[in-house]
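Visitor: Encoded as structure tokens, here's the structure I'll be asking about.
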Amino acid sequence: MKTRNNRAWFLVLPVILVVAFTALLPLMTVANYAIQDVFNPQSRIFVGMKWFYQITNDQLIISAFRRSFQFSIQALLIQIPLGIAIARIMPKSGWKASAALVAVAVPLIIPWNVIGSTWLIFSRSDIGLGGFLLNKLFNFDFTSDPKDGWGLILTVDVWHWTPLVVLLVYAGLRSIPEAYYQAAAIDGASSFAIFKYVELPKLRRVLLIAVLLRFMDSFMIYTEPFVITGGGPGDATTFASILLTNIAVGQFDVGRAGAYSLIFFIVIQIMSFLFYTVLTLQDREEVTKTK
Amino acid sequence: MAEIRLENVGHSYDGGTTFALNPITLTWEDGNAIALLGPSGCGKTTLLNIISGLLTPSVGRVFFDGVDVTDLDTAKRNVAQVFQFPVLYDTMTVRENLSFPLKNRNVAKDVIAARVDEIAELLGINKYLDIRPQKLRSDLQQLVSLGRGLVRRDVPAILFDEPLTVIDQNFKWTLRGRLKEMHNSTRYTLVYVTHDQTEALTFADDVVVLNQGNIVQTGTASDLFLAPQDEFVGFFIGSPGMNFINASVSDGSVSIGSTLIGTAVAEHPIPNGEVRLGIRPEFLTLSSAGTGTDVKINRVEHRGGYKLIHADGPHGNVVAKLPNDSAFVAGEKAQLVFHPERTYLFRDSKLAGRVSTKGAGQ
Amino acid sequence: MKKSETLIKGAFSPQKKKASLPWTGLVFWLVIALWMVPVAWLILMSVRPSVDILSGFEIFPHRFTFDGYRDFILKEMWYKAYLNSLTYSTLNTIFSVTLALPAAYAFSRFSFAGDKHLFFWLLTNRMAPAAVFLLPFYNMYNAVGLFDKTLGVAIAHMLFNVPLAVWILEGFISGIPRQVDETAAIDGYSLPKFFVKIFLPMIRSGIGVTAFFCFMFSWVELLIARTITSTDAKPISAAMTRTVSSSGTDWTLLSTAGVMTIIPGVLAIWFVRKYIAKGFALGRV
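Residue numbers (my numbering), protein chains in the order written: chain A, 79 to 369; chain B, 284 to 645; chain C, 958 to 1242.
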């Protein structure tokens, strides 16, 4: 149970200052842009909410958001269970555990553009192992078939980021005191019961972080689709970030892009907040008063 | 409920170089409450884990009621264990927690319900049955933990690994009392590990004092208090522990320095030479008159129901427990008065005999 | 001995190895083997000439080239960029974890005005696409004299790493029962001493995983690192853009760079492996 103590603010203050310095100021700049029409750095006019109205009616933008949402949900549905499963069968100690940790961590530490370029070549049916094999099974061509393009990007995301879930869950599992397993053994609990009654409850917080992180990051995915499919075929993999960058950089429409960014930001916030609220419903703790 | 027998059980964590627990042989009768008492590193938790099955001993065999269980793991030995902190299933209510071990053994629903009620009543937690245990105070949580062990009928022993560690000071007493009541009505064999002598002495029928991997002495609370076989027991038991003063024995007479204290009383005559005189603060008094062992009073501590007088002498510093009305103050000189029956002599840390003190001048 | 010490020595240390089903180990390594195929592909690409990579499919290269590695190791710009990235990622990890620990403890143990909103607000920092920060960061870091300095990048990356660190650590801290704090308080520990001696060892897994993630996210971050540096503190990510020139992408060089950038990450996880896998002191009494 938490104790009420307003002096705890001092412990949090350094974090707030750093984050405010690094975030608030830039965000305010973006907000500034978002309400102007910027033709060039010298010439801008205040347009108020014009961009916001435009964007909320723009079919292209709405589709991009819809795609991002579908993509992140699908990614979550694969990565979370898969990550948990892998973490559970990972070695727990000794040199095997060290080797396993390194192997699991490798996909995470490759720069994202290299991941993109590697999978780009790998998935081509003419020059890559993956593409070659897949093409033998069924006609695989991510440059022309939207489903293949989507599937490929989803696969890359799963390949790239499931290790994050694995590492979080693994660390979470290692934090469960041995006594719980001993007690469960004494109580005659089956493996499934141990998973359901000991592990899952103790992993709740870690899973919350994993879900939120993965949802946000998959929603904002940029580099890999940019490198591998460029948003195509057609607009099959034109996710919200890709469209945003096209507008900002390609069309150099800074005002509109500013508004888009803000909306993007708000959309993610709302969805994350929903996830967060639902997943922490059980956590409503009582607070005791002290000092 | 079972008799526990250990035959030459010992354990080394480093392949034989050092033994955390030196080989011991003992038998504990069915239904006893035994405390394993000792400081950190003495081997008590190692011993407990060997009994529970969490550890397989490097040497020796463990028997429950004559059956060799040494190679069985914890689950198969069917012991119940209470840990240093409450181990509960957070997503279940207290009732569900208590029913869990029986459900896993496919016991009939009505039997489970009856048994759960029975145990909850025994431990005094029946009004909490439908609450989630996280909401309870830690001593009640420990009772739920314990309850899960008790619901099974075929438990040979209940093992406690320092169970009061996270309990609020105010509730240690009530929990300890509960455990004692539980033991009295169920007569399970209980093995209780602690480094707190108060816990051990109030809880157990038999206390096993361990130090550095060896059993130093086994006995009841009064045995340990009044008849310590080893300096360590004298020192460890008691609050504060036994005083030790350098003394010497010469032809049966015991002297501190040049002051004659009394005659040595022992089963075997004590050879001449250096000894250590041990006396508990409870049995040491001071006098301001006469001759005897001189000490200078250093400090007077008020402890509510009694006073602790710290005094320094050339042969050792001592602490005496005196009633509140004693008039000694710091800086005064006084003489030590030894209890005629409770003054002991130790050589090489082992009990050698005691001192019968002369009357005159003290 | 103090009660709180008995807690770490007894309660939280593993006592006996549990035998797990033999086939789970096999399945795990099989999954890992499959998972590493693209990495193997990357390594193979790094020793094939760029032209070959694009011309046909083969599993083992029929001709090898180590030009990529030679360029990488010998040409000063790569070496320096490597070092720059290592510096700011390490610095950032240290800053982020250090700042986050007290804050995470506060969020976990105390309730104070605005705590829930603040906690969520922290994470929202990661919800904006990096692109929005580029121009403001460029101006800001120039203005405070942190442009083209590894320290600047280390600080800039705190934008997304500090919230992450706070969130993960809070989760692990909440896993330790409050009774531990209370027991230590009764034993007479002051808050800082208790934190360092008793508490930190208990959340080692969380710290290990947090440190690794901070390092990792900082190490792979391209946009911001590239934006606020130019020559002195140029990160490896910027140096990699040199692989794309008017004559097309030098796939070999890019792949080599990719392989080489895996190494510090491997070092990072190696460094924290014992923390994550719960390797703290076992107590036996």
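For every residue, glycine included, the Cβ atom is placed at its ideal position computed from N, Cα and C.
Fair warning: this is a prediction, and the values are worked out from it, not measured in the lab.
#1: According to the Cβ coordinates, are residue 309(B) and residue 338(B) closer than 8 Å?
#2: Determine the contact status of residue 998(C) and residue 198(A), defining contact as a CB-CB distance below 8 Å.
#3: Output yes if chain C places a C-beta closer than 8 Å to the C-beta of residue 421(B); else output no.
#4: I'd like the list of long-range same chain contacts for residue 1104(C), defined as Cβ closer than 7 Å, with 5 residues on each side in sequence excluded.
#5: Tell me whether residue 397(B) is buried or exposed, calling it buried when 16 or more other Cβ atoms sit within 10 Å of its Cβ.
#6: Run through DSSP, which three-state label would residue 347(A) get?
#7: Out of curiosity, what's the CA-to-CA distance linking residue 138(A) and residue 1024(C)?
#8: Around the C-beta of residue 1036(C), are 16 or more other C-beta atoms found within 10 angstroms, so that it is buried, or is it exposed?
#9: Identify whether residue 349(B) lies in helix, strand or coil by the three-state DSSP scheme.
#10: I'd like to know whether the C-beta atoms of residue 531(B) and residue 557(B) end up nearer to each other than 8 Å.
#11: If we ignore side chains and look at the alpha-carbon of each, how far apart do residue 368(B) and residue 246(A) end up?
#12: Starting from residue 212(A) and walking both ways along the alpha helix (DSSP H), at which residues does that stretch end?
#13: In chain order, what residues of the segment 1189-1220 of chain C put their CB closer than 8 Å to some CB of chain A?
#14: At which residues does the alpha helix (DSSP H) containing residue 1027(C) begin and terminate?
#15: Straight-line CA distance for residue 993(C) to residue 241(A)?
#16: What does the alpha-carbon distance come out to for the pair residue 1106(C) and residue 1029(C)?
#17: Going along the chain, which residues of its own chain have a beta-carbon closer than 7 Å to the beta-carbon of residue 115(A), five neighbours each way excluded?
#18: Taking DSSP as the reference, what is the three-state secondary structure of residue 450(B)?
#19: Would you decide whether residue 1150(C) is buried or exposed? Buried here means 16 or more other CB atoms lie within 10 Å of its CB.
#20: Residues in its own chain within less than 7 Å of residue 1119(C) by CB, not counting five upstream and five downstream?
#21: Could you tell me which residues DSSP pairs with residue 489(B) in its beta bridges?
#22: Curious, which full-length beta strand (DSSP E) runs of at least 3 residues does the segment 574-634 of chain B contain?
#23: Using a 10 Å radius around the Cβ and a threshold of 16 neighbouring Cβ atoms, would you call residue 1050(C) buried or exposed?
#24: In or out: residue 643(B) buried (at least 16 other Cβ within 10 Å) or exposed?
#25: Please list, in chain order, the residues of the segment 1132-1150 of chain C that have any C-beta partner in chain B closer than 8 Å.
#26: Along the chain, where does the beta strand (DSSP E) containing residue 290(B) start, and where does it finish?
#27: Using 8 Å as the limit for Cβ to Cβ distance, is residue 1107(C) near chain A?
#28: I'd like to know whether the C-beta of residue 1048(C) is nearer than 8 Å to at least one C-beta of chain A.
#29: List the DSSP bridge partners of residue 538(B).
#30: Is there at least one Cβ from chain A nearer than 8 Å to residue 1034(C)'s Cβ?
#31: What does DSSP give as the partner residues of residue 500(B) in its beta bridges?
#32: For residue 471(B), name the three-state secondary structure that DSSP assigns.
#33: Can you list, in chain order, the residues of its chain with a C-beta nearer than 8 Å to that of residue 1169(C)? Leave out the 5 residues immediately preceding and following it.
#34: Our contact map puts residue 621(B) next to residue 580(B) with C-beta atoms below 8 Å; I'd like the distance itself, whole angstroms only.
#35: Give a yes or no on contact between the segment 350-360 of chain B and the segment 314-321 of chain B, applying the rule of three or more CB pairs nearer than 8 Å.
#36: Let me confirm a value: residue 551(B) is counted as buried when at least 16 other C-beta atoms fall within 10 Å, else exposed. Which label applies?
Guide: Well, looking at it:
#1: no
#2: no
#3: yes
#4: 1098, 1185
#5: exposed
#6: helix
#7: 45 Å
#8: exposed
#9: coil
#10: yes
#11: 25 Å
#12: 207-215
#13: 1193, 1194, 1197, 1206, 1208, 1211, 1212, 1214, 1215, 1218, 1219
#14: 1024-1031
#15: 12 Å
#16: 22 Å
#17: 122, 123, 125, 333
#18: coil
#19: exposed
#20: 1053, 1056, 1057
#21: 317(B)
#22: 577-585, 590-596, 599-605, 616-621, 626-630
#23: buried
#24: Legend: pLDDT at residue 643(B) = 37, less than 50; position of this residue unreliable, value from coordinates given subsequently. Exposed, since its Cβ has fewer than 16 Cβ neighbours within 10 Å.
#25: 1134, 1136, 1137, 1139, 1140, 1143
#26: 287-294
#27: no
#28: no
#29: 531(B), 543(B)
#30: no
#31: 492(B)
#32: coil
#33: 1225, 1226, 1229, 1233
#34: Not confirmed; about 17 Å, so no contact.
#35: no
#36: exposed
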